[in-house]
Structures are given as structure tokens and as C-alpha cells.
Amino acid sequence: MDPIIAKHASRRVPRYTSYPTAPYFSPDFPEETWRGWLSAIPADAGLSLYLHIPFCKKVCWYCGCNMKLAAREQPVRDYVDTLKKEIALLAAAVPAKRVTHIHFGGGTPTAMPVDCFRDVMATLRATFDVAPDAEIAVEIDPRTLEDEMAFALGEMGFTRASLGVQEFDAEVQKTINRVQPFDVVRHAVETLRASGVTAINFDLMYGLPNQTVDTLAATVERAVDLAPSRIALFGYAHVPWMAKNQRMIPDETLPGAAERFEQAELAARLLVQHGYERIGLDHFGLPSDPLTHAARAGRLRRNFQGYTDDVSEHLLGLGATSIAQVPQGYGQNIAETGAWARAVEAGRLPVHRGLALKADDVLRRAVIERLMCDMEVDLAAAAFAHGETPGYFAAEIDALRPFVDDGLVAVEQGRVRVDPRGRPALRAIAAAFDAYLDPEAQTARHAVAV
């Protein structure tokens, strides 16, 4: 492992899918404040909707998501009934109705029965004005995707599917309790494409238990054979004190920091060799993919779904634990499904946590987003655009000195550029602009930088 990268890789820092990050949201956020923010959305604004479906048919040991095991069908149907009521409540609170992006996440959205999924989509289309060219995306577990569901997704107008692949090695799959042979993934991809869902994303992971450089290299080679248009390469975050199912993974099976770095770098090199372009910190896209186009044009964005080409300023969440983002700040729904359902049944918007953005938050969010997306930012221009002086970030430039001295960052006339060699440390570099993060703290709520 590069000793210079190693120096910065052990820091626990946020992934910066938002700023300020979710741990700093306030509890007991007032519903009336949230309703006020929603009512201020212009009637002609384009909306982006995120729907959280927390159910999975199987439990994966590595997963840190908010999920519930769908042992019976009735709780899923009850959840869907409540979700439809929340859709109506949200639509009544928002002047805007035009929807340009829809994303179903979880959990495993395809754990819903097909008729329930159709019902949710029909409710969305009846309640909102879903644009004809809207991107409609869904996260999928290939192991449980049935052909009927795949073809239903095509009929419902879905345009993109994100498949959790992680690793193809049988021993790694067994250790993380996610056994899915290559043929299962291939069949899912072929069936989705036949249904009309032609934009395919893969999620791959490094740092998994019993994973090696060789197993990950073989996984990348098999993944590119299926030609997904977009690949995300995430580092496994082992936080068993937060994700109880991770306690099933023995600590001694985990690769060390040096091997994690080697795995990530090798996978990235292989993907580039196969024609994928690097996007931000951990994404890769074929030249034809819209995310690649956005990255080239400087239009790449970052939100709670990760990197996106979605330009909407109004990301609204539906379902338990979903997070919304509007210009005034963030709102997060109640996480516990029973309490969420009771709030909706009572006619309340089920927001529970939130944060009102200060002017400093908005400026720092813009700087961090550009660093995470473009690996460079003009600090003077950003400060000027937000009514501040060019020297606003003098302390932060000083905080970047260790990265500058190590050749990972260049600072010239107020412009910060991250050297390609510094990409693995991008989160740690962005953290220099985080006013909430104690630079000396090693908080367990965040994953290591590499």
C-alpha cells in the first residue's frame, strides 16, 4: 500500500452523500416546519421521489441498511397500503406535481408482490405527473428476482435496475450469507433487458470477509462480461456495533487496510482497461452512460442515492426512514415501520428528524459536492457566489497542508485540485471543509476513508 495513502486511509470520515451528514439531524423535527418547506416548492419545479421498501426475503450478513425480513406477505401488503396513503399526504402538501426521477430502494423493493408494486406505481402516476422521459430506477436482489417481476418492471416503465452483485466467489458469498452463482445474475440481467429495462447498474464490493485481490479480479472480469452500463465499487464498512447481522462475520476473515487498498486499486484498473470511465470516488460508467456524460460536463451531483445526474433541488422521501432534501434543509421519516404507519394513518407527514441549513452549511455543501464529484473546486468563486470573501476558507486551506505536502492536493489561487493519486483519500480531503466533524475524533458512526 502506498505509505502516503496509508497515512490518510485510516481516518473515519463521512461518505458525504449529504452535508451536513445525517448523524447531525435534530430529533423531534417539527412537522409544521417540514410542511412549510414543502409548501414553498414552486408549482413548476421538477420533483425527484425516493421510496424506501425495507423488506428483504433473505438477510445478508454484510448489510448495514434499515431492513426487515419479509417472512410473511401480509406485513409487506400492510406497508404498501400505508405507503399509498403517504403518497396522497405528500402530494397534498406540495404545489409541484411534475416528477422527473423515481428511485425505489431498500431493503429489496422487488420483495413486494407484483400486484403491490403495480399498485404503488399506479398510485404515483395517478397522483403526480410523471414525465414521459423520467428515469425510474429500482434496486434488485438477483437471487429473488422472478421473471414475472422482471417483465412487470418493464411494463411499469422502469428504465434502470441496480443489482447487488458484491462478489462472485463462492467462499466469500457463503461468508456473507449471499450465495448467488454467476448464472443467477446473468439470468436476471438478460430477463431485465428482454423486458425493456436496459440500463443496468452493478454494485461490487471490496474489503469483504475472505475476499482477496484474486477473487475480486475474477469478479470484475465476470461482471464486465455482462456489460452493465454503470458499476459502483464500494468498500465494505464493518460496524457490528451498529449492524447486528455483521456480528456473524468473524473479524479474522476481514482483509487489512493494505489489502483493501490493493483490492480497490486493482478493480479500478481493470474496469478502466475494459472501457469504463472513472466517476467521482467509486463509480464507473461506460462512455454511453448518462452519468459519464454528466461527469464530463461538470454536471455530476451527489445525494442520498450516491452519484447522480438528477438536477432536481427537491428530493422527496416516502416510506419509513427515507430522507428528503429541499433548499431549506433535510427531513427524515420515522425509522420504525409501526410508528411510521401510525403517523400516516393519523394524517401526519411522518417526518421525525431534520436539519435547517444555515448559509455556511449551503456554501460548504457546494464545496464538498464539487470536490466529491469533480475532484476540484474554485473556493474563491464558491465563496463569492454565496456572498462571502475570497479568504473565507483560509483555515481549511491550512488544514489541507498535509495533503499538499504529500502531493495529493494542489492549491493555486484559491482553486483546490485533487491529484489522481489522491482519489482514494477524497473523503478525507473533503472532510477538511466539514465544520461539524472533529478532525481528531475517530467516531464509530463513519467508515474508514479507504
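Count the sequence shown with our numbering and you get residues 280 to 729, in order.
Each residue gets a CB set at the ideal place from its N, CA and C atoms; glycine is no exception.
Everything numeric in this text was worked out from a predicted model, so none of it was measured.
Practice task
Indicate whether at least one CB of chain D lies closer than 8 Å to the CB of R356.
Solution key: This model lacks chain D altogether, as it is built from one protein chain only.
Practice task
Express the C-alpha separation of T300 and Y715 in angstroms, rounding to a whole number.
Solution key: 9 Å
Problem - Whole-number beta carbon distance between R539 and G514, since they are thought to touch under 8 Å - result: 6 Å
Exercise for the section: Decide yes or no for the touch test of the stretch 366 to 377 against the stretch 319 to 327: beta carbon pairs closer than 8 Å, at least 3 of them. Expected result: yes
Practice task
Return the Cβ separation of D544 and Q490 in integer angstroms, given the expectation that the two are a contact with Cβ distance under 8 Å.
Solution key: The sequence shown places Glu at residue 544, rather than the Asp named in the question. Actually they are not in contact, since the Cβ atoms of E544 and Q490 sit about 14 Å apart, beyond 8 Å.
Handout entry: Presumed contact (8 Å Cβ cut-off) between G384 and F334, rounded CB distance
Key = About 12 Å; that fails the 8 Å criterion.
Practice task
Note the first and the last residue of the continuous beta strand (DSSP E) segment covering Q445.
Solution key: R439 to Q445
Practice task
Quick one: give me the first and last residue of the beta strand (DSSP E) that I558 is part of.
Solution key: E556 to I558
Problem - Presumed contact (8 Å Cβ cut-off) between A635 and Q607, rounded CB distance - result: 6 Å
Problem - Exposed unless 16 or more other CB atoms sit within 10 angstroms - verdict on E352 - result: exposed
Exercise for the section: For G610, I'd like the list of residues in its chain whose CB is within less than 7 Å of its CB, leaving aside the five on either flank, ordered along the chain. Expected result: F308, W313, A603, V630 and G633
Practice task
Select from A664, R509, R649 and P519 the residue whose C-alpha is nearest the C-alpha of E556.
Solution key: R509
Practice task
Label P306 either buried or exposed according to how many other C-beta atoms from any shown protein chain fall within 10 Å of its C-beta, with 16 as the threshold for buried.
Solution key: exposed
Handout entry: Pair within 8 Å by beta-carbon distance, D504 and G443
Key = no
Exercise for the section: Report the residue ranges of all alpha helix (DSSP H) runs contained in full by the stretch 543 to 606; include only those spanning at least 4 residues, in chain order. Expected result: 569 to 576
Handout entry: Closest Cα partner of V468 within the set Y485, E434, P529 and A429
Key = A429
Handout entry: Member of Y341, M521, P354 and D420 whose CA lies at the smallest distance from the CA of K453
Key = Y341
Practice task
Give the range of the alpha helix (DSSP H) segment to which A511 is assigned.
Solution key: Run containing A511: none in the alpha helix (DSSP H); it sits in the beta strand (DSSP E), R509 to G514.
Practice task
Go ahead and pull the three-state DSSP assignment for A431.
Solution key: helix
Practice task
Check each candidate in L560, L679, Y671 and I332 and name the one with the smallest Cα separation from P703.
Solution key: L560
Exercise for the section: Determine the burial state of Q552: buried for a count of at least 16 other Cβ atoms within 10 Å of its Cβ, exposed for fewer. Expected result: exposed
Practice task
May I ask you to report which of helix, strand or coil DSSP gives L495?
Solution key: helix
Problem - Supposed close pair V751, V690 - CB separation, criterion 8 Å - result: No answer is possible for residue 751: the residues shown for the chain start at 280 and end at 729.
Problem - Beta-bridge pairing of F383 - partner residues as DSSP gives them - result: L330 and V417
Problem - Neighbour-count burial assignment, R643, 16 or more Cβ in a 10 Å radius - result: buried
Exercise for the section: Can you check DSSP and say which residues form a bridge with Q611? Expected result: I602 and R632
Problem - Nonlocal neighbours in the same chain, by C-beta distance under 7 Å from A614, ignoring five residues either side - result: N345, A599 and T600
Problem - Contact the stretch 355 to 364 vs the stretch 472 to 481: 3+ CB pairs below 8 Å - result: no
Problem - Which listed residue (A516, V451 and G436) has its alpha carbon closest to that of G343 - result: A516
Handout entry: C-beta contact flag for V373 and P421 at 8 Å
Key = no
Handout entry: Collapsed DSSP secondary structure at L533 in the structure displayed
Key = coil
Exercise for the section: Please report how far the alpha carbon of S474 lies from the alpha carbon of S297, in whole angstroms. Expected result: 34 Å
Exercise for the section: Taking all protein chains shown into account, decide if L348 is buried (16 or more other Cβ within 10 angstroms of its Cβ) or exposed. Expected result: exposed
Practice task
Name the two residues that bound the continuous beta strand (DSSP E) containing E691.
Solution key: V688 to E691
Exercise for the section: Can you tell me which of the three DSSP states N489 falls into? Expected result: coil
Handout entry: According to DSSP, residues forming a beta bridge with K347
Key = F334
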